[in-house]
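There are 2 protein chains.
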Amino acid sequence: MQDYALTVDRFLDHGAKWHGGARVITAGHGEHAAIGYAALRDRANRLSGALLSLGLEAGERIATLAWNTQHHVEVWYAAMGAGLVCHTLNPRLTVAQLAAMIDEAGDRVLAVGAGLGMLAEALVSACPCLERVILLDGERPLATGGRIKAVELDDLLSREGAPVVWGRFDERSLAGLCYTSGTTGAPKGVAYTHRSNYLHTIRLLQADAMALTAADTILVAVPMFHANAWGLPFAAPAVGASLVLPGRVTDGPSLMGLLNRHEVTVAVGVPTVWIGLLDHLDAVGGETPSLERVIIGGSSCPETLLSRMESRLGVAVQTSWGMTELSPLGTISPRSHGPGGARGAGRPPIGVDLLLTDSGGSPLPDQRNAVGHLKVRGQSAVDHYFGTTESALGADGWFDTGDLAILDDEGNLTLAGRSKDLIKSGGEWINPVEIEEIVGALPAVGLVAVIGRPDPKWGERPLMVIEPAQGGDIDDGALRASLKGRVADWWIPDRIVRVEAMPLAATGKINKTQLRATYGGA
Amino acid sequence: MQDYALTVDRFLDHGAKWHGGARVITAGHGEHAAIGYAALRDRANRLSGALLSLGLEAGERIATLAWNTQHHVEVWYAAMGAGLVCHTLNPRLTVAQLAAMIDEAGDRVLAVGAGLGMLAEALVSACPCLERVILLDGERPLATGGRIKAVELDDLLSREGAPVVWGRFDERSLAGLCYTSGTTGAPKGVAYTHRSNYLHTIRLLQADAMALTAADTILVAVPMFHANAWGLPFAAPAVGASLVLPGRVTDGPSLMGLLNRHEVTVAVGVPTVWIGLLDHLDAVGGETPSLERVIIGGSSCPETLLSRMESRLGVAVQTSWGMTELSPLGTISPRSHGPGGARGAGRPPIGVDLLLTDSGGSPLPDQRNAVGHLKVRGQSAVDHYFGTTESALGADGWFDTGDLAILDDEGNLTLAGRSKDLIKSGGEWINPVEIEEIVGALPAVGLVAVIGRPDPKWGERPLMVIEPAQGGDIDDGALRASLKGRVADWWIPDRIVRVEAMPLAATGKINKTQLRATYGGA
Chain W
0 MQDYALTVDR
10 FLDHGAKWHG
20 GARVITAGHG
30 EHAAIGYAAL
40 RDRANRLSGA
50 LLSLGLEAGE
60 RIATLAWNTQ
70 HHVEVWYAAM
80 GAGLVCHTLN
90 PRLTVAQLAA
100 MIDEAGDRVL
110 AVGAGLGMLA
120 EALVSACPCL
130 ERVILLDGER
140 PLATGGRIKA
150 VELDDLLSRE
160 GAPVVWGRFD
170 ERSLAGLCYT
180 SGTTGAPKGV
190 AYTHRSNYLH
200 TIRLLQADAM
210 ALTAADTILV
220 AVPMFHANAW
230 GLPFAAPAVG
240 ASLVLPGRVT
250 DGPSLMGLLN
260 RHEVTVAVGV
270 PTVWIGLLDH
280 LDAVGGETPS
290 LERVIIGGSS
300 CPETLLSRME
310 SRLGVAVQTS
320 WGMTELSPLG
330 TISPRSHGPG
340 GARGAGRPPI
350 GVDLLLTDSG
360 GSPLPDQRNA
370 VGHLKVRGQS
380 AVDHYFGTTE
390 SALGADGWFD
400 TGDLAILDDE
410 GNLTLAGRSK
420 DLIKSGGEWI
430 NPVEIEEIVG
440 ALPAVGLVAV
450 IGRPDPKWGE
460 RPLMVIEPAQ
470 GGDIDDGALR
480 ASLKGRVADW
490 WIPDRIVRVE
500 AMPLAATGKI
510 NKTQLRATYG
520 GA
Chain V
0 MQDYALTVDR
10 FLDHGAKWHG
20 GARVITAGHG
30 EHAAIGYAAL
40 RDRANRLSGA
50 LLSLGLEAGE
60 RIATLAWNTQ
70 HHVEVWYAAM
80 GAGLVCHTLN
90 PRLTVAQLAA
100 MIDEAGDRVL
110 AVGAGLGMLA
120 EALVSACPCL
130 ERVILLDGER
140 PLATGGRIKA
150 VELDDLLSRE
160 GAPVVWGRFD
170 ERSLAGLCYT
180 SGTTGAPKGV
190 AYTHRSNYLH
200 TIRLLQADAM
210 ALTAADTILV
220 AVPMFHANAW
230 GLPFAAPAVG
240 ASLVLPGRVT
250 DGPSLMGLLN
260 RHEVTVAVGV
270 PTVWIGLLDH
280 LDAVGGETPS
290 LERVIIGGSS
300 CPETLLSRME
310 SRLGVAVQTS
320 WGMTELSPLG
330 TISPRSHGPG
340 GARGAGRPPI
350 GVDLLLTDSG
360 GSPLPDQRNA
370 VGHLKVRGQS
380 AVDHYFGTTE
390 SALGADGWFD
400 TGDLAILDDE
410 GNLTLAGRSK
420 DLIKSGGEWI
430 NPVEIEEIVG
440 ALPAVGLVAV
450 IGRPDPKWGE
460 RPLMVIEPAQ
470 GGDIDDGALR
480 ASLKGRVADW
490 WIPDRIVRVE
500 AMPLAATGKI
510 NKTQLRATYG
520 GA
């Protein structure tokens, strides 16, 4: 059969040739910019020529610090099509974190989107390797004390833009670089190949996955620096769907405006952004008539929020689970599924395989209805982290997600905490998530976290930290009583601590590292 | 990213592990056999061991002569999983044609399904390379004069079946061999690789392609020897859909029975089988309530049949175009599309690219709304035919389909005849299909074909052959008048011949080769 390299430039070629009616729309003040795939491909392709004219060489990284905009998509395809590696930076990280990533990647060029100039100036100061800045989305020139030449994207295009032939390299060449969020460990770089991104994209398009079609208009409320915006800037042109890019703003009023103005059919993002939308709709009595589906991921979603979304928006909600290391899709529930919580985070599509093991790495005998350590193998799963030669896989060849999970009879995944949060007491494991779910459901409890504390007799014993609900009041006896009979007696925490405000990480998750530092001493 | 070879054994592994509820059902007398993917995988895997025990070696071909049954699927995965090449034979061809294919492929083992024993006996006589026969579906032992040992599949499994490790070879290894039908030239072998079949399969699963899901039950009315039954025995376990295999019989009453007994949601086959179903439903007043979609291909479908299917069956009909050389899917119309004829045969999914050229091979400038010669490039398109080292591609790197086609503004494909049927008159081209469509719509005309006849002045001139409709009567003047003003005057055939019965090929298409031999002389 024909030799046909799986490179991501083909997605934009396809959209340009076969889907002339689709649009990429970027939200802005007043006017929203709209461009077809053919024109966008032309700009991105000439931008490839401009990037090469800056002296960038195949395989070299180029950093982007930008929100979801047309210009960001253009830089992305310009880099990847020319064999460069698009390194997306998360503007919500600290200068020190970002500088370390830029340094490790050896980025010489930084593309900076609107509103991020000040952060970029700090990065230029902190990163001697940076030589050039490209300004996107009309961002103003940077103050870098003359150290770096900044050029506006359209100026660069008109001065140096020249068509180049895209692709023609090995499909296992690197296409993108994305660092993990660092909420569960130090950020690590995941380097995607053209092949892994290509295969991930056609996985998304499957009818039992994201089921995107040429008739869809997709609102991408997940940032491009979060695992390639879950692959949507690849998937949309590959099937001829329109894209709506919200820029930075994803508050409720903005989302409602975008959904209705552009007749969005599919909206994609983490659970929290949809709370803002729902609250706004309730406040103003608004509707989103064109919207058919919402696809959520990034963190598990409370059943009450799922129900609220389905009833208030009148849409199907698809749940999913993924990781930066998986490109990111691991599992997804289909468009039509059973009611409510039965769906979990769905099943793995072909090309992803899951294994549950015990803490020693031995596969659970039945793989169903028992909590295990979740391991992954697959065509878009990490092999080793960027900048290391060390394998990221276990001796068994599987990638350990660090998650605990359970599979139901139909193979639907439900996450059950992080393995490093497990508490080993008397040689047996206690899973804090099971305790937290029971106690967290009590009306008087706002937030709850259970951590391990060294114990001379048992090795570790559980300690429970409670942030009471506003106006809530519950004594230790009642807290323990709520657990009685629902978990083993020896799982019930010996010590209970009350705090006024639970420490949270940047992502909104409870910061157990800090809790362990404060309360985890012997 | 992880190394993950794209081999087709993964589809059955996936179905076995993740979709325990799905079934492969084979129609039979009375009882219909049903098996889950886990049990089917176990049988196929142990059959791999049995095949290897017969002395077959990696890369070697094994022939199958069978209808759509569970046993046939088992042999197929057993062969491919073990690195053998499954060579599907079309029982509707002649002994001489099949013997030539077996000889070219060097098949040593032949698997024979129910009702095909006599043909198999003839092949054993004609093919010295055949050493073994495996009997499927309870077929009786063959009379081969003792030359060949025949063994029943379940006997072979119980005697020699042993688990083997599937895969672990290069994804560009051959997986299947299928000869073209020979209706438009001598049959040629197309050798599919694991990679090409894998990529083709996930193309089928896309929401804008066949959109198969784990909730579907698929009736496969296209034979496994026709380009891998359009890939469905791969796609069904890859997504966890159930398969209904009709064996040999696809008449109207049988189809209605299968659709309703097994609550089929998607039915796939050539247009003619659905005529039989519709006629039967009309005769008995039957309904097919579970059926949601029919996917057709193999030949273009008259608009009247499309409308009849949609209204009588209450289903969405998806049209498609493909070729054995494309694995086979080239284009497909989506589940939701515009009304009626506007859909054509749909658009190419990502991974298939189309080009229209003039007769000299130069791309048509606009690629839209003009008839051109249809060329293909893609990840599941032929590179060279089996047994040759010669490229099957043109100097431009594209595969010439031999078809004429037109693309509308949205990129939807409509076929417009075969390029070798074009008639060159006075240095200009006449397309017989355009004449045939106009004349064929006349009530008095049953079948019509226009061929070229050598002409001393013009090079060629068109000759029209008419099979009048039953009770139909129309004179030459009226036939010519129907064309006046609708085609150029010089396109109107000089000679008109009437025949009682139009010569047809085995596929039901008009045999123009025979017409040219009879009427095409100077």
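Respectively, the protein sequence lines represent chains W and V.
Counting in numbering that gives the first Met the number 0, the first sequence runs from 0 upward without gaps.
Counting in numbering that gives the first Met the number 0, the second sequence runs from 0 upward without gaps.
Ideal Cβ positions, reconstructed from N, Cα and C, are used throughout, including at glycine.
- Fewer than three pairs of CB atoms, one per stretch, sit closer than 8 Å, so the stretch 318 to 333 of chain W makes no contact with the stretch 11 to 20 of chain V.
- Contact between the stretch 201 to 221 of chain V and the stretch 501 to 520 of chain W is absent, with fewer than three C-beta pairs closer than 8 Å.
- When secondary structure is reduced to three states using DSSP, residue 368 of chain V falls in the coil class, being assigned neither helix nor strand.
- DSSP, reduced to helix, strand and coil, places residue 407 of chain W outside both helices and strands of the structure shown, so it counts as coil.
- For residue 453 of chain W, the uninterrupted beta strand (DSSP E) run begins and ends at 444 to 454, by DSSP.
- For the stretch 316 to 340 of chain V, the set of residues with a beta-carbon nearer than 7 Å to any beta-carbon of chain W comprises 333 and 335, in chain order.
- Among the residues of the stretch 369 to 384 of chain V, those with a Cβ less than 7 Å away from any Cβ of chain W are 376, 377, 378, 379, 380, 381 and 382, in the order of the chain.
- Assignment of alpha helix (DSSP H) within the stretch 80 to 116 of chain V, counting only whole runs of 4 or more residues, yields 94 to 104 in chain order.
- Using a C-beta cut-off of 8 Å, the stretch 71 to 85 of chain V makes contact with the stretch 155 to 170 of chain V, since at least three inter-stretch Cβ pairs fall below that distance.
- In the three-state DSSP reduction, residue 209 of chain W falls in the coil class, being neither helix nor strand.
- Put simply, the stretch 447 to 458 of chain W touches the stretch 410 to 427 of chain W. At least three CB pairs are less than 8 Å apart.
- Residue contact check for residue 10 of chain V against chain W: a CB pair falls below 8 Å.
- One Cα belongs to residue 468 of chain W, the other to residue 502 of chain W, and the distance between them is close to 15 Å.
- In the three-state reduction of the DSSP assignment, residue 513 of chain W falls in the helix class, which pools H, G and I.
- Residue V/104 holds the alpha-carbon nearest to the alpha-carbon of residue 384 of chain V among V/270, V/207 and V/104.
- Measuring C-alpha to C-alpha distances from residue 166 of chain W to each of W/356, W/192 and W/114 identifies W/192 as the nearest.
- Straight through space, the alpha carbons of residue 519 of chain W and residue 379 of chain V are spaced by roughly 58 Å.
- Per DSSP, the continuous beta strand (DSSP E) segment holding residue 22 of chain W begins and ends at 22 to 25.
- Segment contact: the stretch 202 to 209 of chain V against the stretch 81 to 94 of chain V, fewer than three CB-CB distances shorter than 8 Å; contact not assigned.
- For residue 330 of chain W, DSSP records a beta bridge to W/320.
- One alpha carbon belongs to residue 324 of chain V, the other to residue 359 of chain V, and they sit about 22 Å apart.
- With contacts defined by Cβ atoms closer than 8 Å, residue 48 of chain V and residue 160 of chain V form a contacting pair.
- The beta-carbon of residue 165 of chain W is placed no less than 8 Å from the nearest beta-carbon of chain V.
- In the three-state scheme derived from DSSP, where H, G and I count as helix and E and B as strand, residue 255 of chain W is classed as helix.
- The C-beta of residue 17 of chain W comes closer than 8 Å to at least one C-beta of chain V.
- Partner residues in the beta bridge of residue 398 of chain W, as assigned by DSSP, are W/375.
- For the pair residue 371 of chain W and residue 352 of chain W, the CB atoms are not nearer than the 8 Å cut-off.
- Interface criterion not met: the Cβ of residue 498 of chain V is under 8 Å from no Cβ in chain W.
- When the alpha-carbon of residue 399 of chain W is set against those of W/123, W/98, W/356 and W/474, the nearest one is in W/356.
- Contact between residue 255 of chain V and residue 285 of chain V holds, since their C-beta atoms are separated by about 5 Å, short of 8 Å.
- Between the alpha carbons of residue 234 of chain V and residue 178 of chain V lies a gap of roughly 21 Å.
- Within the same chain, and ignoring the five residues on either side of residue 27 of chain V in sequence, the residues whose Cβ sits closer than 7 Å to its Cβ are 246.
- If you draw a straight line from the Cα of residue 51 of chain W to the Cα of residue 168 of chain W, it is about 15 Å long.
- Listed along the chain, the chain W residues whose CB falls inside 9 Å of the CB of residue 238 of chain V are 205, 206, 207, 348 and 349.
- Distance from residue 316 of chain W to residue 295 of chain W at the Cβ level is roughly 6 Å; contact confirmed, criterion being Cβ atoms closer than 8 Å.
- Spanning the alpha carbons of residue 442 of chain W and residue 477 of chain W requires a straight line of approximately 12 Å.
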